[in-house]
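S.K.:
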Amino acid sequence: MRVIMLGPPGAGKGTQGERIAGRYGVPHISSGELFRDEVARQTEAGKTLQRYLDAGDLVPDDLVLSLIMDRVIAAEADGGYVLDGFPRTLPQAEAAAKVAREAKMSAQAVLYLEVPPQVLSARLADRGEGRADDAVQVARHRLEVFTEHTRPLLDYYTKRGIIVRIDASPPVDVVSAAIFAALDRIDG
Ligand code: AP5
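Heads up: the sequence shown begins at 434 in the numbering used here, then just goes up one per residue.
1. Residues in the same chain with beta-carbon distance under 7 Å from residue 576, minus the five sequence neighbours each way, listed in chain order, please.
2. By how many angstroms is the C-alpha of residue 463 removed from the C-alpha of residue 455?
3. My parser needs the alpha helix (DSSP H) runs of 4 or more residues fully inside the region 536 to 561; what are they?
4. Within the present structure, is the beta-carbon of residue 523 separated from the nearest heavy atom of the ligand AP5 by less than 6 Å?
5. For residue 619, count the other beta carbons within 10 Å of its own beta carbon; 16 or more makes it buried, fewer makes it exposed. Which is it?
6. Along the chain, where does the alpha helix (DSSP H) containing residue 602 start, and where does it finish?
7. How big is the Cα-Cα spacing for residue 532 and residue 437?
8. For residue 585, I'd like the list of residues in its chain whose CB is within less than 8 Å of its CB, leaving aside the five on either flank, ordered along the chain.
9. So, under 8 Å CB-CB, residue 611 and residue 596 are touching, yes? Tell me the CB distance rounded to an integer number of Å.
10. Would you report the Cα separation of residue 521 and residue 528, rounded to the nearest angstrom?
11. Please state whether DSSP places residue 474 in a helix, a strand or coil.
12. Where does the unbroken alpha helix (DSSP H) through residue 494 begin, and where does it stop?
13. Between residue 587 and the ligand AP5, is the CB less than 6 Å from at least one heavy atom?
14. Taking only the alpha-carbon atoms, compute the straight-line gap between residue 614 and residue 519 and give it to the nearest angstrom.
15. Give me the Cβ distance between residue 485 and residue 435, rounded to the nearest whole Å; I'm assuming they're in contact under 8 Å.
16. Measuring straight from C-alpha to C-alpha, what distance separates residue 494 and residue 563?
17. If contact is defined by three or more beta carbon pairs under 8 Å, each pair taking one atom from either stretch, is the region 498 to 518 in contact with the region 460 to 476?
Next up, the structure:
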């Protein structure tokens, strides 16, 4: 299975990405988790990443690609992936599509998780994991960044015929069932 998760902050990309990875036996590659781990370990990259994460701004494409692409290539060599939070800009999408084409491992589906903004804000406020970027102002900014820079990927992938829209506002299990039904049709 080869899936890209697309959706605003709090849509459930991480929650559902893990479940998809478990069901289909492929790695779940989360750019946000990867970056938070670099920050926690205070690596050189982590020191640079921290200010983007804390502000809710996008990490520059070059840095994103240098940190994540090896994992994507390794997953492709291993047979599949769930990408969560990457690609997030058009240059990232083009870079990911190029390596996937070369490996004959292009994404089979891009799941677009749709949730109304007021539900997103409530989820982030309730998360309770102490993520600095869940503070109300920063969460609002992340949503604006999504709308400006990431939402355009909807058109990019729609033109490629691989978008699957999922209503991600119901409870987690209901959303998972809708996703699995869609992916089973593609994989079957
Ligand atoms: P990232 O970690 O990707 O954050 P995000 O996209 O803002 O998404 P979240 O992790 O907040 O939400 P999610 O959609 O994964 O939902 P989740 O399952 O956690 O990125 C963080 C930062 O890193 C970015 O701001 C940027 O700075 C940088 N970055 C990352 N990738 C980048 C890239 N490619 N390029 C440039 N910069 C990049 O769920 C949220 C909450 O809701 C949880 O508490 C969960 O339990 C709950 N929940 C989930 N589903 C449901 C449901 N159906 N019903 C009720 N509650 C639910």
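The beta carbon of each residue, even a glycine, is placed where N, CA and C say it ideally should be. As the structure is a prediction and not an experimental result, all values here were calculated from the model.
M.R.: According to the structure shown:
1. Position 143 of the sequence shown, counted from the start, is the residue given in the question as residue 576. Contacts found: 441, 442, 550, 553.
2. If you number the sequence shown from 1, residue 455 lands on position 22. If you number the sequence shown from 1, residue 463 lands on position 30. Residue 455 and residue 463: Cα-Cα distance of roughly 14 Å.
3. 550 to 559
4. Walking along the sequence shown from the start, residue 523 turns up at place 90. The answer is no for residue 523.
5. Here the question's residue 619 lines up with position 186 in the sequence shown. The residue is exposed, with fewer than 16 neighbouring Cβ atoms inside 10 Å.
6. Position 169 of the sequence shown holds residue 602. Unbroken run through residue 602: none, as it is neither H nor E.
7. Here residue 532 is taken as the residue at index 99 of the sequence shown, counted from 1. Here residue 437 is taken as the residue at index 4 of the sequence shown, counted from 1. Approximately 14 Å between the Cα atoms of the pair.
8. Within the sequence shown, the letter at position 152 stands for residue 585. The residues are 523.
9. Position 178 of the sequence shown, counting from 1, holds the residue named residue 611. Position 163 of the sequence shown, counting from 1, holds the residue named residue 596. Not a contact, Cβ separation roughly 14 Å.
10. Numbered from 1 along the sequence shown, position 88 holds the residue referred to as residue 521. Numbered from 1 along the sequence shown, position 95 holds the residue referred to as residue 528. Going from the Cα of residue 521 to the Cα of residue 528 covers about 11 Å.
11. Here residue 474 corresponds to residue number 41 of the sequence shown, with the count starting at 1. The answer is coil: DSSP assigns residue 474 none of H, G, I, E or B.
12. Position 61 of the sequence shown, counted from the start, is the residue given in the question as residue 494. Unbroken alpha helix (DSSP H) run through residue 494: 494 to 511.
13. On the sequence shown, position 154 is the one that residue 587 refers to. Outside the cutoff, so no.
14. Position 181 of the sequence shown, counting from 1, holds the residue named residue 614. Position 86 of the sequence shown, counting from 1, holds the residue named residue 519. Using only the alpha carbons, I get a separation of about 23 Å.
15. For the purposes of this step, residue 485 is taken as residue 52 along the sequence shown, with counting starting at 1. For the purposes of this step, residue 435 is taken as residue 2 along the sequence shown, with counting starting at 1. With a Cβ gap of about 28 Å, residue 485 and residue 435 do not count as contacting.
16. Your numbering for residue 494 matches position 61 in the sequence shown. Your numbering for residue 563 matches position 130 in the sequence shown. Those two C-alpha atoms are separated by around 26 Å.
17. yes
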